[in-house]
Structure formats: C-alpha cells, structure tokens
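Undergrad:
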Amino acid sequence: QVQLVESGGGLVQPGGSLRLSCVAPGSIFRTYAMGWYRQAPGKQRELVAIIPGRSITNYADSVKGRFTISRDYAKNTVYLQMSNLKPEDTAVYYCNAQQGVASAYWGQGTQVTVSP
Numbered sequence: 001q002v003q004l005v006e007s008g009g010g011l012v013q014p015g016g017s018l019r020l021s022c023v024a025p026g027s028i029f030r031t032y033a034m035g036w037y038r039q040a041p042g043k044q045r046e047l048v049a050i051i052p053g054r055s056i057t058n059y060a061d062s063v064k065g066r067f068t069i070s071r072d073y074a075k076n077t078v079y080l081q082m083s084n085l086k087p088e089d090t091a092v093y094y095c096n097a098q099q100g101v102a103s104a105y106w107g108q109g110t111q112v113t114v115s116p
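Residue numbers for the sequence shown follow our numbering, so the first one is 1 and each next one is one higher.
1) Is the CB-CB distance between Leu80 and Val12 below 7 Å?
2) Let me know the secondary structure DSSP gives Ser27 once reduced to three states.
3) Thinking C-alpha only, which one of Ala102, Cys95 and Ala91 is nearest Gly42?
4) Whose C-beta lies closer than 8 Å to the C-beta of Pro14 among residues of the same chain, with five residues either side of it excluded?
5) Going by C-alpha to C-alpha distance, which of Ala74, Thr57 and Asp61 sits closest to Val23?
6) Please return the same chain residues whose Cβ sits closer than 6 Å to the Cβ of Tyr59, not counting the five positions on each side in sequence.
7) Grab me the residues of Arg19's own chain with a C-beta within less than 8 Å of its C-beta, minus the 5 sequence neighbours each way, in chain order.
8) From Glu46 to Asp61, what does the alpha carbon distance come to, in whole angstroms?
9) In the DSSP assignment, the beta strand (DSSP E) including Asn96 goes from what residue to what residue?
10) On the DSSP bridge list, what partners appear for Ala104?
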C-alpha cells in the first residue's frame, strides 16, 4: 500500500501563510509527477499545482502568484507554500502522485481553513 503522508494544514487568517508537506516513498517520488489538489464543501476536487519533474510547474489561475509548489528529492517531499490566503482557499488539500493516466496515488487530505 503506497502512502502519501501530508502535514501542515490548519486555521489561518486571511492574508496569512501556510506550508503543506507531503512525503512519498522514494520509488514513487523519483518517477511520478507530484501535485496538490483541493476540494471545498459541495465542490469538485480541483488541481491547485503540479510539478512533473525538477523545475516545470503549473498552477490554477486562482492561486498563481500566491502559491508555490516545490519538491525536495533528498527528502522525497513535495511542498505547497501558500501565501496571501483567502477565505475561498478553504478546502481539504490532497497530495497526488501521478504517472500517465493509469497510475495515481492520493494522500489522506489535510484541512486548510482561512477565516478571521
């Protein structure tokens, strides 16, 4: 059973920052695209950011300029640095490892709540 272990969620005020972390098994981390998705209540899960390799990144329009995804190969960890958080960023955030269309793994999710 492949496990992606997330951490770093919590409650933050609007304008604040949080950093999410996700540790993956090395065999997965080295060969899979890594990404973050989120799901707000009553909404579909949506892509937040993805980093397929060492440097190329892609972001949802709603988070561009505020969120940064990165990966540390020494620690088998992918990060999501979130700044200038808004109430609409409130959601459960999921770590994803993806290889093509046939192989994907998910973390258990971590709650991010942005509220005064």
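The C-beta atom is built at its ideal place from N, Cα and C for all residues, glycine as well.
TA: In short:
1) no
2) helix
3) Ala91
4) Leu85, Lys86, Pro87, Val114, Ser115 and Pro116
5) Ala74
6) Ala49
7) Gly8, Tyr79, Leu80, Gln81 and Met82
8) 11 Å
9) Ala91 to Gln99
10) Gln98
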